[in-house]
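In this text, residue positions in the sequence shown follow full-length UniProt numbering: the first is 1, and each later residue adds one.
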Amino acid sequence: MLRRINGTALIIAALVATVGALAFPVWSYADRSGTGQDNLNASTVATQWGPLSATDRDFLIKVRLAGLWELPAGQQAIERAPSKAIKDAGDHLIVGHADLDKRARDVAAKLGVELPNQPTELQQGWLQELSAASGQEYERKFANLLRNAHGKVFALVAQVRHTTRNVLIRQLASDANQTVLDHITMLEATGFVDFDAIANEAAGGATASPTGPPPPSGNLPPAPSPAAPTGDDQSFTSRPSTQPGAPTAINTNRP
């Protein structure tokens with residue numbers, strides 16, 4: 001009888017040890033070396049406004065880089081664009097990025113983050129491409145380069161706004177979100193944005209299968225024929241793509 005009890009106790013002890021061994025990695029995984037949590041902790045510094053992560057610091061730099069190329073692009077649009085819609089979009093670029101740039105420099109000074117003072121080579125290339133164009137070709141390039149850029153930055157702004165633990169970065173991300181949306185709206189109002197090209201480029205870079213309900217059944221009304229924008233036309237007309245690849249408003253390529 002005693003031998004049977006001892007055997008049962010040994011089995012129970014072995015089961016407890018096994019469960020504990022299996023559970024320990026789950027409890028400790030988040031803090032182990034090389035994990036996302038470990039990398040976040042290693043790259044984060046304490047400030048009086050809350051923890052400042054590497055993503056927060058990178059966001060500050062990208063806001064600064066955005067202003068360094070979009071401010072001159074906006075000024076050029078006001079001086080050279082044939083239509084009022086493009087001039088108005090350029091004006092919004094100047095107002096929005098002048099304010100964002102001032103805020104970014106103020107936040108960077110408080111947090112001790114060094115900012116660049118000139119656009120990246122890629123951004124300089126976009127400015128040169130705009131300078132070499134004229135007339136409606138210039139307007140198409142301007143609208144599509146900048147609309148594509150601002151559309152892509154939405155995800156970055158949302159990520160920073162969602163995950164940052166720093167009050168100053170959170171406020172700047174909120175401001176950036178409003179500014180980006182305003183610029184997207186103005187650029188689309190020019191009538192030169194090629195939405196097909198934007199959608200196709202995004203689909204080409206996607207790795208996951210699309211999800212959602214199946215296409216609707218039955219007959220759908222035919223799409224209206226697009227009309228070419230003229231002068232101050234505010235229609236959302238699809239235009240041939242002229243952007244060179246994959247620009248981003250807040251550029252992901254550090255200088």
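All residues carry an ideal CB built from backbone N, CA and C; glycine is no exception.
Looking only at its chain, what residues have a beta carbon closer than 6 Å to the beta carbon of residue i, apart from the 5 residues adjacent to it on each side?
i: H150; result: V180, H183, I184 and A249
i: T164; result: D56 and R170
i: P119; result: L68 and W69
i: residue 339; result: Since the displayed the chain opens at 1 and closes at 255, residue 339 lies outside it and no answer follows.
i: V107; result: L168 and L172
i: P214; result: none
i: N177; result: V157
Roughly how many whole angstroms lie between the Cα atoms of residue i and residue j?
i: A199; j: R147; result: 12 Å
i: W126; j: A73; result: 9 Å
i: P116; j: Q136; result: 33 Å
i: F195; j: A189; result: 12 Å
i: Q124; j: H162; result: 31 Å
i: V160; j: S174; result: 9 Å
i: N166; j: Q37; result: 17 Å
i: A202; j: S134; result: 28 Å
i: A104; j: A132; result: 31 Å
Classify residue i as helix, strand or coil using the three-state DSSP reduction.
i: V45; result: strand
i: L115; result: coil
In chain order, what residues of the same chain lie with their CB nearer than 7 Å to the CB of residue i, ignoring the 5 residues before and after it?
i: K87; result: A77, I78 and A81
i: A54; result: S43
i: L111; result: T47, L52 and L168
i: M186; result: D88, A89 and H92
Since residue i and residue j are thought to touch, with beta carbons under 8 Å apart, how far apart are those beta carbons, to the nearest angstrom?
i: L130; j: Y138; result: 7 Å
i: L52; j: V63; result: Between V63 and L52 the Cβ distance is about 15 Å, and since that is not below 8 Å, they are no contact.
With contact counted as at least three CB pairs below 8 Å, one residue from each stretch, are the segment 78-92 and the segment 53-67 in contact? no
So does the segment 90-100 actually touch the segment 41-50, counting three or more Cβ pairs closer than 8 Å? no
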